[in-house]
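Below is one structure, written out as structure tokens; the observations come after it.
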Amino acid sequence: MTRQKTALVTGGNRGIGFEICRQLAADNIKVILAARDLQKGDKAMAKLDNPLVSCIKLDVTNDADLQSLSSKLESRELVVDILVNNAGISQGIRYSILNEPRELTAQTMDINFFGALRLSQIVVPFMQKNHFGRVVNISSGHGSFSKMDKQNPGYRFSKVAMNAMTVMLADEVKNDNILVNAMTPGWVRTRLGGLNAHRNVEEGAETAVWLCLLDDDGPNGEFFKDKATFSW
């Protein structure tokens, strides 16, 4: 009998992350909703009202939180088959490449890129032991060279780096039945995207969920929007 799969979704308490949790649980996937604020995570879990969803405190920049997750994986208290690197911020929209403060750039990189990298470095080796895994990196069109401009540099840097990580990690695990892909949800109505965005969270989450549920012969090391390949 095939074991029920478990997904870990960072930044799962709101926006696209919350919707990814909802859709995965509706597809009979156990979901670990990860939130840096446990109270907000618990409220989100209660709102989902699905017994397949649990919640953990996980700030992807916090060493203690990351070590706690590593220990739970080592002891088999938790098993992660699907990792969704969704946690992220965008706070430099009013800045250009010549004037974004270094501290702002560094903070954005720390959460959006280094958080995803460190979490992948913890989780993926356990996937390798289990000979199965799916890693989905929530990137952005702002990280594509086809869409590059001078604004919001820290956010763009972080997504370019995430895209590079996707290709490198996919190559690392290509013989381990682990598929690693990135996707852009488009401009979605969330706290990050704003109220003027033309896509809803259901549309924004759909491709991420599709990548989470890929068959073993699915794509690896690619970038998607609306389930179609997207230019790096």
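The opening position of the sequence shown corresponds to residue 3 in my numbering, with each subsequent residue numbered one higher.
The beta carbon of each residue, even a glycine, is placed where N, CA and C say it ideally should be.
Distance between beta carbons of residue j and residue i, contact taken as under 8 Å
{"i": "Gly135", "j": "Asp83", "result": "6 Å"}
{"i": "Ser160", "j": "Asn114", "result": "4 Å"}
{"i": "Leu213", "j": "Phe226", "result": "7 Å"}
{"i": "Leu60", "j": "Leu71", "result": "6 Å"}
{"i": "Glu21", "j": "Gly143", "result": "Glu21 to Gly143, Cβ: 19 Å. No contact."}
{"i": "Val211", "j": "Gln41", "result": "With a Cβ gap of about 26 Å, Val211 and Gln41 do not count as contacting."}
{"i": "Gly14", "j": "Ala46", "result": "7 Å"}
{"i": "Thr44", "j": "Cys23", "result": "Contrary to the premise, residue 44 reads as Asp rather than Thr in this sequence. Contact doesn't hold; Cβ gap of about 13 Å is too wide."}
Option nearest residue i by Cα separation, candidates the options
{"i": "Leu10", "options": "Ala89, Val190, Ala66, Glu208", "result": "Ala89"}
{"i": "Arg96", "options": "Lys227, Asp151, Glu21", "result": "Asp151"}
{"i": "Gly94", "options": "Arg78, Gln6, Met111", "result": "Met111"}
{"i": "Phe147", "options": "Leu100, Thr209, Ser233", "result": "Ser233"}
{"i": "Arg78", "options": "Met129, Asp44, Ser92, Thr168", "result": "Met129"}
{"i": "Asn179", "options": "His200, Val169, Val190, Asn132", "result": "Asn132"}
Check whether residue i and residue j have beta carbons under 9 Å apart
{"i": "Gly19", "j": "Val62", "result": "no"}
{"i": "Asn165", "j": "Ala184", "result": "yes"}
{"i": "Asp173", "j": "Gly223", "result": "yes"}
{"i": "Arg120", "j": "Leu68", "result": "yes"}
{"i": "Val126", "j": "Val175", "result": "yes"}
{"i": "Asp228", "j": "Leu181", "result": "no"}
{"i": "Arg38", "j": "Thr192", "result": "no"}
{"i": "Val33", "j": "Thr4", "result": "no"}
{"i": "Asn52", "j": "Ala36", "result": "no"}
{"i": "Ala140", "j": "Pro187", "result": "Correcting the residue identity first, residue 140 is Ile in this sequence and not Ala. Taking 9 Å as the Cβ cut-off, Ile140 and Pro187 qualify as a contacting pair."}
Where residue i sits in the DSSP three-state scheme
{"i": "Asn15", "result": "coil"}
{"i": "Gln93", "result": "coil"}
{"i": "Thr8", "result": "strand"}
{"i": "Lys176", "result": "coil"}
{"i": "Leu181", "result": "strand"}
{"i": "Arg158", "result": "helix"}
{"i": "Arg38", "result": "coil"}
{"i": "Phe225", "result": "strand"}
Segment contact, 8 Å Cβ cut-off, at least three pairs: the stretch 150-159 with the stretch 96-109
With the cut-off at 8 Å, the stretch 150-159 and the stretch 96-109 touch.
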